[in-house]
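Take a look at the structure below.
2 protein chains.
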Amino acid sequence: MDADTAGADAGAATNLAVAAQLATEGRPRRSDATRAAILRAARDRFAADGYERATIRAIAREAGIDPSMVMRYYGNKEGLFAAASEIDLRLPLLADCPREEIGARLVRHFLDRWEGDETLNALVRVGVTNPAGADRVHAVFRDQVTPVVAAVCPEGVPASTRAALLASQILGMALSRYVLKLPPAVSLTDDEIVAWLAPTVQRYLTAEAPQLS
Amino acid sequence: MDADTAGADAGAATNLAVAAQLATEGRPRRSDATRAAILRAARDRFAADGYERATIRAIAREAGIDPSMVMRYYGNKEGLFAAASEIDLRLPLLADCPREEIGARLVRHFLDRWEGDETLNALVRVGVTNPAGADRVHAVFRDQVTPVVAAVCPEGVPASTRAALLASQILGMALSRYVLKLPPAVSLTDDEIVAWLAPTVQRYLTAEAPQLS
DNA sequence: CTTGTTGGTCAACGCTCGTTGGCAACGGTA
DNA sequence: TACCGTTGCCAACGAGCGTTGACCAACAAG
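Chains A and B, in that order, are what the protein sequence lines are.
Sequential numbering of the first sequence, starting at 2, is according to the working numbering.
Sequential numbering of the second sequence, starting at 2, is according to the working numbering.
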C-alpha cells in the first residue's frame, strides 16, 4: 500500500506541478477548453449544491467529459475546489470615492459581483459545510477585504473589526437572498438594498467606537 | 418497485404517526431517554457537520445506540432532521420594551440564543446545503420573526421587508462568528456586538423608508 | 407461567461516491 | 513512416452511506 499510495501521490503532484507551471507560462494546450469546461461546471455545481452534494460525476457530466479527466487535471476533489474557488473580489480602492459614499459604493459593488459570478455563491455554500472551504473564505477576507478597509478607516477601532462587521452585513444579505432565498429578501430591488444597507456599512467603516452598554 | 416503495413509505408513516401520537399525549415510554439522546446527538452532529456529513451512524455512535434505532424512532434521516430542528426562538414581545431599546434587546437576545442552543447552528448549516433545511429556515422566519416585527413596525415599509433586513444582519453575524468563525468576529465580545449592531437593527425596524438612489 | 409488546443488536442489502489503471485514438516531431 | 506524449473513455475497486429485516432480552398483562 505504501508503494501504491506514494506512486499515486507522486503522480498527482507531478500533474499539478506541471499544470501550474504551464498555466503560469500561459502556453496553450489542446485540453484548455476541457479544463475550462470542468471549472465552469464545478463552480456551477458547488454553487448550487455545496461541497458534498456536488459530485465529481455530476460535474463531469455537465462538462461533457469522463469523471477520470477531472482527476487527471485537478488531482482530487479538494484540488478541483481549490481551483474553482479562486476569486478576486475586485474591490475598488475607495481612495477616489467621496468619503460619505463609501457605504453605497461597497454595497452596490458586492451586489454586482454576487449576481455576475457564481464563484461567490460556491464559496459561501462550501465555506459553511467544508473546513477547506472555510479556510478559503478566511483567506479572501484577510487578503482582500481587510486591507481595503484598513486603507479608509479612522483609528480607534481595529480595521479587522470593521472588516468583520462589514462582512457580517454583506454575507448576511447574500445568505438571505442568494442561498436561503428568503422571499422578502429575494424580492427587494438592488436599489432598495443599497438604500437600506449603505448607511450600515458606512457606519461600520467610519464611525467612532460606540459606547458599550 | 412500486410495491416496495409503497410498503416502505406506509411503514415509515405508521411509525411517525404513532410516535407523534404518543408524544403529544405525553405518556412516558421506557425509550424516552434513548429518543432524547438521539436528538441531542443529532443536533450536535448537524450543527458541527451539516446535513450530508452528519451520518446516521455517527449520530447513533454519539448517542451510544445502534443506527437502526434512529430509523425506528424517526423513520429516516429527513424525519430525524425535522425532529432535531424544531426550534422556538423565544422572541420577546417587545411591547413592554422602550421603543429606542428594541435593537439592543433583539441583538442580545439572538446572541444568547445562539450561544445556548446548538439547534440554531444546525439550522443555519443545514439550511445552506439542504433544500429541506432551507424550507425549515423559511418557516421559522415566517412564523416567528415576521409576526414579532410586524407588531412593532411603523407603516410605509412592509413588515416582511423589515424582517428580512433584520435577518440579514443577525444571520450574517451568526454566520461569521459561529459557522465560518472569522477570527475578528469570534474575538468580539457580546457587548461590542450589541453596541455595533443594535443601531442597525433599530433602524431596520423603525426607520422610515430610505430614499432610493 | 405463558404470551405479546417494547427496546435493542447484528449482519447484510443496494447504492453512490471518489478514485484508479488500462487501453484506444489523435497529433506533432524526427 | 515510426514514434511518443497528450487526450479521452471504460470498467472496476473499495469504502461509506441510508436502510432493512431477522433475531434476542426485558418487561407487562392474562
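Glycine is no exception: its CB is placed at the ideal position from the N, C-alpha and C atoms.
Exposed or buried, which one is residue i when buried takes at least 16 other CB atoms within 10 Å?
| i | result |
| --- | --- |
| GLY94 of chain B | Checking the sequence, you will find Leu at residue 94 of chain B rather than Gly. That one is exposed. |
| PRO185 of chain A | buried |
| ASP97 of chain B | exposed |
| GLU119 of chain A | buried |
| ASP67 of chain B | exposed |
| SER169 of chain B | buried |
| ALA210 of chain A | exposed |
| LEU23 of chain A | Summary for LEU23 of chain A: the model assigns pLDDT 43, below 50, so the residue's position carries little reliability; its value from the coordinates is reported in the next sentence. Exposed, by the Cβ-count rule. |
Please list, in chain order, the chain A residues whose beta carbon lies closer than 8 Å to that of residue i.
| i | result |
| --- | --- |
| PHE142 of chain B | LEU183 |
| ARG126 of chain B | VAL129 and THR130 |
| ALA168 of chain B | GLY173, SER177, LEU183 and ALA186 |
Output, in chain order, the set of chain B residues within a Cβ distance shorter than 7 Å of residue i.
| i | result |
| --- | --- |
| PHE203 of chain A | The amino acid at residue 203 of chain A is misidentified as Phe; the sequence shows Gln. Result: empty, since nearest Cβ-Cβ is about 11 Å, beyond 7 Å. |
Whose C-beta lies closer than 8 Å to the C-beta of residue i among residues of the same chain, with five residues either side of it excluded?
| i | result |
| --- | --- |
| ALA84 of chain B | LEU40, ALA43 and TYR75 |
| LEU176 of chain A | VAL125 |
| GLY65 of chain A | ALA38 |
| ARG106 of chain B | PRO93, LEU95 and CYS98 |
| VAL141 of chain B | ILE88, LEU90 and LEU124 |
Candidates the options: which alpha carbon is nearest residue i's?
| i | options | result |
| --- | --- | --- |
| LEU172 of chain A | A:ASP45, A:ARG54 and A:VAL202 | A:VAL202 |
| LYS182 of chain A | B:VAL129, B:THR56 and B:ALA61 | B:VAL129 |
| ARG58 of chain B | B:LYS78, B:ALA199 and B:ASP191 | B:LYS78 |
| VAL146 of chain B | B:ALA133, B:PRO155 and B:SER161 | B:SER161 |
| ALA135 of chain B | A:TRP197, A:ARG178, A:ILE60 and A:ASP191 | A:ARG178 |
| VAL127 of chain A | B:LEU167, B:TRP197 and B:GLY51 | B:GLY51 |
In chain B, which residues lie with their C-beta within 9 Å of the C-beta of residue i?
| i | result |
| --- | --- |
| LEU213 of chain A | THR190, ASP192, GLU193, VAL195 and ALA196 |
| GLN145 of chain A | Those do not exist, as GLN145 of chain A stays about 13 Å from chain B at its closest Cβ, beyond 9 Å. |
| HIS139 of chain A | LEU181, LYS182, LEU183 and PRO184 |
Could you pull out every residue in the same chain whose Cβ sits closer than 7 Å to the Cβ of residue i, ignoring the five residues on either side in sequence?
| i | result |
| --- | --- |
| ALA9 of chain B | Caution applies to ALA9 of chain B, whose pLDDT of 33 falls short of 50 and renders its modelled position unreliable; the model cannot decide the point. |
| ALA11 of chain B | Confidence at ALA11 of chain B is low in this model, with a pLDDT of 35, below 50, so its placement is unreliable and the value that follows should be read with caution. Cβ neighbours of ALA11 of chain B beyond the five flanking positions: none. |
| VAL153 of chain B | LEU95, ILE103 and LEU206 |
Residues of chain B with CB under 8 Å from residue i, in chain order?
| i | result |
| --- | --- |
| GLY51 of chain A | GLY51, GLU53, VAL129 and THR130 |
| ALA34 of chain A | By Cβ distance, chain B contributes nothing, its closest Cβ being about 31 Å from ALA34 of chain A, past 8 Å. |
Starting from residue i, find everything on chain A with Cβ-Cβ shorter than 7 Å and list it in chain order.
| i | result |
| --- | --- |
| ALA164 of chain B | PRO185 |
| SER161 of chain B | PRO185 |
| ALA38 of chain B | Residues of chain A passing the Cβ test: none, with the nearest at roughly 25 Å. |
Which same chain residues end up closer than 6 Å to residue i when comparing Cβ atoms and leaving out the 5 residues on each side of it in sequence?
| i | result |
| --- | --- |
| ASP191 of chain B | LEU112 |
| THR15 of chain A | Note that THR15 of chain A has pLDDT 37, beneath the 50 cutoff, so the model's placement of it is unreliable and the number below is only indicative. None. |
| ILE60 of chain B | ALA42, ALA43 and ARG46 |
Report the neighbours of residue i on chain A: residues whose CB is nearer than 9 Å to its CB, in chain order.
| i | result |
| --- | --- |
| ALA43 of chain B | Residues of chain A passing the Cβ test: none, with the nearest at roughly 16 Å. |
Along the segment 62 to 96 of chain B, what residues have a CB closer than 9 Å to any CB found in chain A? none
Interface positions of the segment 100 to 122 of chain B facing chain A (Cβ-Cβ less than 9 Å), listed along the chain: ALA105 and ARG109
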